[in-house]
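Q: For the sequence shown, my numbering gives the first residue as 110, with consecutive numbering after it.
C-beta atoms are modelled at their ideal positions from N, C-alpha and C, and glycine is treated no differently.
Have a look at this one before I ask anything.
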Amino acid sequence: MTTETIHHVGDIIEIRLVRPPVNALDPDLCNAVRDAVEAAPGNGARAIVLSGGHGVFSAGLDVPYLLGLGDDRSGLMAAWSAFFGACGAIARSPVPIVAAIDGHNPAGGCVLTLCCDYRIMARAPDDAKPFRIGLNEVAVGLVAPEAVQYLMQRIVGYQRSERLLADGTMLTTDEARALGIVDEVCAFGDAMQHALAWLQPRLKLPQTPLRATREIARADLIAAITDPKRINLDLFIDCWSMPDTQAGLRAMLARIGK
């Protein structure tokens, strides 16, 4: 199992990432997210909550899997296409999607949640070890495509986005809230409850104008994350294969292993 679908009161469907230990985003998980999001409205969903693990929402793309592909360009292309397919499905959803983030959420996991309508992130139970969120691609040796950069620019503005992305900054829950990357903060374990509470008044609104207004308001986001030219997978994979990128990724895995 890579995702779990849970029905809540008010025709809210929760799509939960289920790939222990850290919900690393391999093609199977990305395709499962895409399929579940696209199927939800047809299964009666009037809203969706995207949730992950407790302690780690998603650790981002499955780097060991990707490194294991070696020079298999078609395999790398398929893996990254699956990831952007999941992002596109979230962005295009005709019903609102709330991200319930109950842990760390770097890189690819952050990208998924930036495609959602609203983000709720928990504070860590230990103040000395705060949860963090951000687009830290550069810090681990990757290029952030234009489409991904636009998701951050849309929220924090171009100059601040450039600084965050170029530095590979990982923000605490409260820092992310101050910048608007996170819309709401809650206690650890309460993100799902807060997500359901946020959705309830929206479900009482006239649904046709709500959905039409969302579609207009999110047109720029959808255009960015689904435009092959702005994703530019060929350039991304060229950079992926560079020696310093590979060295950075392997160094990251060594740090995690320790």
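Could you work out which residue in Arg201, Ser190 and Ala148 is closest to Ala321 when comparing CA atoms only?
A: Arg201
Q: Quick one: using the 10 Å Cβ neighbour count with 16 as the cut-off for buried, is Gly212 buried or exposed?
A: buried
Q: Give the straight-line distance between the Cα atoms of Ile381 and Thr282, rounded to the nearest whole angstrom.
A: The first residue shown for the chain is 110 and the last is 367, placing residue 381 beyond what the model contains.
Q: Give every residue of the same chain whose Cβ lies closer than 8 Å to the Cβ of Ile121, excluding the five residues on either side of it in the sequence, and list them in chain order.
A: Ala154, Arg155, Ala156, Ile157, Val158, Leu305, Leu308 and Leu312
Q: Hey, how far is the Cα of Cys224 from the Cα of Ala363?
A: Their Cα atoms are separated by approximately 30 Å.
Q: Please state the DSSP three-state secondary structure of Pro215.
A: strand
Q: Quick check on this structure: which residue in Pro215, Ala326, Thr222 and Gly217 has the alpha carbon closest to the alpha carbon of Ala209?
A: Thr222
Q: Nearest to Cys196 by CA position, among Arg182, Phe345 and Asp336, is which residue?
A: Asp336
Q: What is the C-beta distance between Val247 and Ala275, in whole angstroms, given that I count them as a contact (C-beta under 8 Å)?
A: The pair is a contact, with the Cβ atoms about 6 Å apart (cut-off 8 Å).
Q: Sorted by chain position, which residues of the same chain lie with C-beta nearer than 6 Å to Tyr174's C-beta, five sequence neighbours on each side aside?
A: Asp135
Q: Using a C-beta cutoff of 8 Å, does Ile122 count as contacting chain C?
A: No chain C is part of this structure, which consists of one protein chain only.
Q: Leaving out five residues before and five after Gly178 in sequence, what residues of the same chain have Cβ atoms less than 6 Å from its Cβ?
A: The sequence shown places Leu at residue 178, rather than the Gly named in the question. Excluding its 5 nearest sequence neighbours in each direction, Leu178 has C-beta neighbours in its own chain below 6 Å: Gly184 and Leu185, listed in chain order.
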